[in-house]
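Asker: In the numbering used here, the protein residues as written are 22 to 124. Every residue, glycine too, gets a C-beta built ideally from N, C-alpha and C. Nothing here was measured: the structure is a model prediction, and the numbers come from that model.
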Ligand code: SF4
């Protein structure tokens with residue numbers, strides 16, 4: 022059997038849980054953005070800039086990022102990927118002085 026005090030307490034507890042969950046949900050995009058921004062900062066601090074390695078969005082002969090050992094592919098063969106030594110988005114059809122491949 023419930024009395025009115027128990028009922029009000031239960032509603033307060035339920036309301037606190039809902040508000041707490043909403044607060045966590047609302048802060049997730051901010052946390053995600055913060056982690057992403059930090060990753061970009063770390064990327065720029067630890068990797069070479071594109072100008073420093075004369076990165077270009079075009080292959081050099083048969084040499085391109087897609088067949089370079091430093092390339093980390095994107096979601097598909099033509100998608101922008103990343104590189105272990107050069108900061109920023111990297112085209113699979115790009116090339117730079119740090120190229121490490123067989124082409
Ligand atoms: S090192 Fe240069 S050529 Fe190799 S994947 Fe990175 S940007 Fe492309």
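Report yes if the C-beta distance between residue 76 and residue 107 is below 8 Å; otherwise report no.
Answerer: Their beta carbons are under 8 Å apart, which means residue 76 touches residue 107 by this criterion.
Asker: Do residue 74 and residue 119 have their C-beta atoms within less than 8 Å of each other?
Answerer: A contact, by the Cβ cut-off of 8 Å.
Asker: Below 8 Å CB to CB, which residues in the same chain sit around residue 78 once its five sequence neighbours on both sides are set aside?
Answerer: Excluding residues within five positions, the ones whose Cβ falls inside 8 Å are 112, 114, 115.
Asker: Report whether the distance from the Cβ of residue 99 to the nearest heavy atom of the ligand SF4 is below 7 Å.
Answerer: It does not: the Cβ of residue 99 is nowhere closer than 7 Å to a heavy atom of the ligand SF4.
Asker: In angstroms with no decimal places, state the Cα-to-Cα distance between residue 99 and residue 87.
Answerer: Computed Cα separation, rounded: 9 Å.
Asker: Buried or exposed: residue 68, going by 16 or more other Cβ atoms within 10 Å of its Cβ?
Answerer: Flag for residue 68 reads buried.
Asker: For residue 109 versus residue 71, is the C-beta distance shorter than 8 Å?
Answerer: Yes, these two residues count as a Cβ contact at 8 Å.
Asker: Between the alpha carbons of residue 51 and residue 95, how many angstroms are there, rounded?
Answerer: Only weak support is given to the placement of residue 51: the predicted model assigns it a pLDDT of 47, under 50, and the value that follows is read from those uncertain coordinates. The alpha-carbon atoms of residue 51 and residue 95 are separated by roughly 24 Å.
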